[in-house]
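Residue numbers (full-length UniProt numbering): 1 to 324.
Reading through the structure tokens given below for one structure.
Structural data, given as structure tokens:
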């Protein structure tokens with residue numbers, strides 16, 4: 001199969017050339033993409049990687065212009081990835097993707113090029129909206145860690161939102177590593193799956209010594225934009241926690257999070273900025289938790305719905321075969 005690369009391909013920081021080439025070969029096995037990003041422990045090694053007895057699954061996000069047409073092409077070449085739901089056609093898969101949950105459709109435990117991969121397909125418009133507005137914080141949260149023209153610009157806004165949120169959750173002074181851990185943990189805040197089956201050290205494992213440097217590089221531009229509010233001193237972050245500074249950060253939050261905070265506190269962001277720092281931090285944490293709870297549960301329900309559809313389709317096929 002001819003090797004293809006998407007218009008934009010986010011290669012995680014710190015990868016060796018061999019790993020980069022393997023990721024490019026994997027991307028080349030799919031129909032045309034507008035953007036692709038790799039994330040998770042299979043792409044960016046984490047602190048507990050040496051304890052694993054087998055290679056971890058590699059996770060990807062694929063952005064496409066036309067979901068139905070992309071799935072139609074992918075079913076034609078990679079139909080086995082869909083665990084039977086492909087029988088229902090690309091239109092049904094696209095509807096499941098765009099109309100249920102966080103507007104992303106995952107194929108999991110796919111064997112490809114001696115790797116086990118999982119890939120989520122999302123339309124470019126939904127990806128950009130989530131990066132800018134945090135509609136669900138589901139995809140945008142996965143792109144806030146080392147692991148993006150229009151999508152690249154949208155992810156820069158996403159990174160600035162993540163930094164602003166983390167600073168609002170943080171004290172006046174903290175170790176840099178704690179700031180990166182706060183950012184890494186944003187998309188897990190309120191995720192019910194963190195209570196069942198997930199490694200409780202997941203966030204700390206993401207921010208290894210090597211990855212901490214990758215975070216610093218990834219957020220360098222965002223820190224520069226906020227240099228009037230914070231400064232990096234060796235391994236320490238010092239930030240302004242005055243009312244004016246809190247208001248500045250609150251107004252930089254993405255639209256959906258702003259709405260959550262105002263609705264839950266019954267205050268405008270300007271009024272909230274005059275509250276004690278811890279009160280503001282609690283309000284922001286609650287707003288993020290509401291976002292994450294909604295998207296993580298809806299995605300889990302989508303996974304259950306897909307399994308039910310596949311099961312029903314298999315039963316119908318068996319019935320038809322029995323009547324022949």
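C-beta: ideal position from N, C-alpha, C; glycine also.
Of all the options 109, 112 and 104, which has the alpha carbon lying nearest to the alpha carbon of residue 120? 104
What is the rounded straight-line gap between the Cα of residue 196 and the Cα of residue 265? Any answer about residue 196 is weak, because its pLDDT of 47 lies below 50 and its placement is not dependable; what the coordinates show is given next. Distance between the alpha carbons of residue 196 and residue 265: 30 Å.
Which residues in the same chain as residue 72 place their Cβ atom closer than 6 Å to its Cβ, once the five residues preceding and following it in sequence are excluded? 90
Since residue 188 and residue 202 should fall inside the 8 Å C-beta cutoff, what is the C-beta to C-beta distance between them, to a whole number of angstroms? 7 Å
Which runs of the alpha helix (DSSP H) fall wholly inside the segment 136-160 and span at least 4 residues, in chain order? 139-142
Tell me the DSSP bridge mates of residue 59? 39 and 118
Does the segment 76-87 come within contact of the segment 140-159, defined as at least 3 CB pairs closer than 8 Å? no
Classification of residue 55 by the beta-carbon crowding that lies within 10 angstroms, buried from 16 upward: exposed
What residue does the alpha helix (DSSP H) around residue 217 start on, and which one ends it? 209-218
Is the beta carbon of residue 218 sitting closer than 8 Å to the one on residue 159? yes
For residue 65, the three-state DSSP class (helix, strand or coil): coil
With 16 other Cβ atoms within 10 Å as the buried cut-off, status of residue 171: exposed
Whole-angstrom Cβ separation of residue 277 and residue 241, contact assumed at under 8 Å? 5 Å
From 114, 294 and 94, pick the residue whose C-alpha is nearest to that of residue 106; which is it? 94
Grab me the residues of residue 190's own chain with a C-beta within less than 6 Å of its C-beta, minus the 5 sequence neighbours each way, in chain order. At residue 190 the pLDDT is 48, less than 50, meaning the model places this residue with poor confidence; the figure from the coordinates comes in the next sentence. Taken in chain order, the residues that qualify are 289, 292 and 293.
Taking the straight line between their C-alpha atoms, what separation do you get for residue 285 and residue 247? 16 Å
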